[in-house]
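Asks: Once you've had a glance at the structure underneath, I'll fire off some questions.
Protein chains: 2
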Amino acid sequence: MDKKKDLASKLRTSGLRPTKQRVLLAEFLFNRDKTFHFTVENLNKAINKKNSDYKIALATIYNTVHAFKKAGHLKEIFIKEGKNYFDTNTSSHHHFYDEVNNELTDIENNKIELKKFPTPPKGKSIKDVNVIINIDNDNQKH
Amino acid sequence: MDKKKDLASKLRTSGLRPTKQRVLLAEFLFNRDKTFHFTVENLNKAINKKNSDYKIALATIYNTVHAFKKAGHLKEIFIKEGKNYFDTNTSSHHHFYDEVNNELTDIENNKIELKKFPTPPKGKSIKDVNVIINIDNDNQKH
DNA sequence: ATTTAACATATAATGATTCTAAACTTGAAG
DNA sequence: CTTCAAGTTTAGAATCATTATATGTTAAAT
Ligand SMILES: [Mn+2]
Ligand SMILES: [Mn+2]
Ligand SMILES: [Zn+2]
Ligand SMILES: [Zn+2]
Chain A
2 MDKKKDLASK LRTSGLRPTK QRVLLAEFLF NRDKTFHFTV ENLNKAINKK
52 NSDYKIALAT IYNTVHAFKK AGHLKEIFIK EGKNYFDTNT SSHHHFYDEV
102 NNELTDIENN KIELKKFPTP PKGKSIKDVN VIINIDNDNQ KH
Chain B
2 MDKKKDLASK LRTSGLRPTK QRVLLAEFLF NRDKTFHFTV ENLNKAINKK
52 NSDYKIALAT IYNTVHAFKK AGHLKEIFIK EGKNYFDTNT SSHHHFYDEV
102 NNELTDIENN KIELKKFPTP PKGKSIKDVN VIINIDNDNQ KH
């Protein structure tokens with residue numbers, strides 16, 4: 002199978018041994034058409050659902066997700082306390098956050114343009130910019 | 002003392018009894034010229050430092066901060082895992098985040114202007130927009 | 001002054017994440 | 001093909017921020 006081989010080399014290139022667990026997680030996360038946003042809790046449930054042919058320990062899921070992040074294959078996104086999202090889109094980009102469904106949607110960088118722009122404090126320079134647009138159902142009372 | 006009386010009415014108006022602990026915390030947080038960004042850990046240390054004349058239980062600090070937030074006197078800001086900031090500036094505004102010193106700086110709303118702007122998904126409307134500009138020391142290697 | 005709901009507090013519980021230490025796997029070398 | 005060391009997985013323990021509990025205290029209305 003081609004895809005599996007590709008993933009194995011992707012992992013090796015990142016200095017990660019392509020173990021069974023890592024390849025399975027990489028398949029699940031990276032063999033997709035669209036960006037995938039998830040929490041560790043999410044991922045754990047999806048992978049270890051009953052009747053699944055293969056189980057991965059929660060510690061391994063943590064280890065792997067962090068290893069993938071360190072290797073640049075995942076981005077971490079902070080939205081709210083106790084909700085740590087990871088993102089398979091590692092490009093610099095922005096998000097809609099739907100508070101009703103706890104869902105993230107990508108906004109590509111070129112869809113947002115900052116007109117005015119503040120000067121960073123002396124001795125500091127801008128590393129990156131994150132825009133989160135919180136969205137609600139229409140006609141929501143505040 | 003005028004300031005104390007003001008705080009007591011501010012609390013009463015919010016439906017909060019002006020207890021000794023709340024008044025003390027309100028003084029510490031709100032009798033300032035500038036915006037104050039803090040974590041609960043921060044606040045607890047500042048209030049309960051040794052040789053301080055009055056101690057407040059950690060649970061009370063949590064309760065009070067959450068009560069102040071609910072009453073609209075504090076805003077909560079999510080920057081990274083395990084770092085929950087609160088903000089005495091409750092207006093809609095943005096931030097610089099200095100990753101080196103773990104420090105937030107306000108950017109007033111009118112200092113940033115979004116030129117291009119994406120359309121929210123169908124049935125959803127924008128509640129608010131949060132921009133975080135991560136900053137680094139100059140000449141930092143990535 | 002009495003009364004009662006609101007509040008503060010010490011302590012226990014929770015829950016997400018990290019650590020530990022033992023067993024297993026991978027890939028390189030012989 | 002074996003051997004071997006470093007890397008990896010795992011169950012379970014530990015950690016740590018936060019929240020819940022249960023008891024004593026206080027604000028403020030009557
Ligand atoms: Mn993490
Ligand atoms: Mn909180
Ligand atoms: Zn994304
Ligand atoms: Zn602020």
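Chains A and B supply the protein sequences, listed in that same order.
Its first residue numbered 2, the first sequence is counted upward by one per residue in this note's numbering.
Its first residue numbered 2, the second sequence is counted upward by one per residue in this note's numbering.
In this text, a Cβ means the ideal position worked out from N, Cα and C, and glycines have one as well.
Just so it is clear, the structure is predicted and the values come from calculations on it, not from any experiment.
1) Identify the residues that DSSP records as bridge partners of Ile133/B: which are they?
2) Drop a sphere of 10 angstroms on the beta-carbon of Thr14/A, count the other beta-carbons inside from all chains shown, and report buried for 16 or more, exposed for fewer.
3) For Val24/B, which option in Asn135/B, His38/B and Tyr55/B has the closest C-alpha, if you only look at C-alpha atoms?
4) Name the two residues that bound the continuous alpha helix (DSSP H) containing Ile1/A.
5) Quick one: is Asn85/B buried, meaning 16 or more other Cβ sit within 10 Å of its Cβ, or exposed?
6) If the cut is a Cβ gap below 7 Å, which residues of chain B does Asp137/A touch?
7) Do you know how far the Cα of Lys116/B is from the Cα of Asp88/B?
8) Asn85/A lies in the beta strand (DSSP E); which residues open and close that run?
9) Closer than 5 Å between the C-beta and any heavy atom of ligand 4: which residues qualify, listed along the chain?
10) Beta-carbon of Ile113/B versus every beta-carbon of chain A: anything under 8 Å?
11) Where Lys11/B and Phe37/B are concerned, what is the direct C-alpha to C-alpha distance, given to the nearest angstrom?
12) For the alpha helix (DSSP H) containing Leu105/A, name the first residue and the last one.
13) One question on the structure: do Lys128/B and Asp137/A come within less than 8 Å of each other, judged by their Cβ atoms?
14) Just to make sure I have the definition right: I need the residues of chain A whose C-beta is within less than 9 Å of the C-beta of Thr36/B. Which are they?
15) To be precise: take each residue of the segment 21-52 of chain B, compare its Cβ to all Cβ atoms of chain A, and keep it if any distance is under 8 Å. Which residues remain?
16) Would Phe79/B and Glu77/A qualify as a contact pair, given that the criterion is a beta-carbon distance under 8 Å?
17) Within 8 Å, do at least three Cβ pairs link the segment 88-102 of chain B to the segment 56-64 of chain B?
18) Excluding sequence positions up to five away, which residues of its chain have a Cβ less than 7 Å from the Cβ of Ile113/A?
19) Mind reading off the beta-carbon distance from Asn140/B to Glu100/B? Whole number of angstroms is fine, and I expect it under 8 Å.
Replies: The short version:
1) Asn131/A and His96/B
2) exposed
3) Tyr55/B
4) Given that chain A is displayed from residue 2 to residue 143, the structure contains no residue 1/A and the question cannot be resolved.
5) buried
6) Lys125, Ser126 and Lys128
7) 27 Å
8) Lys84 to Asp88
9) Asp88/B, Asn90/B and Asp107/B
10) yes
11) 18 Å
12) Run containing Leu105/A: none in the alpha helix (DSSP H); it sits in the beta strand (DSSP E), Glu104 to Ile108.
13) yes
14) Residues of chain A passing the Cβ test: none, with the nearest at roughly 14 Å.
15) none
16) no
17) no
18) His95 and Val132
19) In fact, because the Cβ distance is near 15 Å, the residues do not count as touching under 8 Å.
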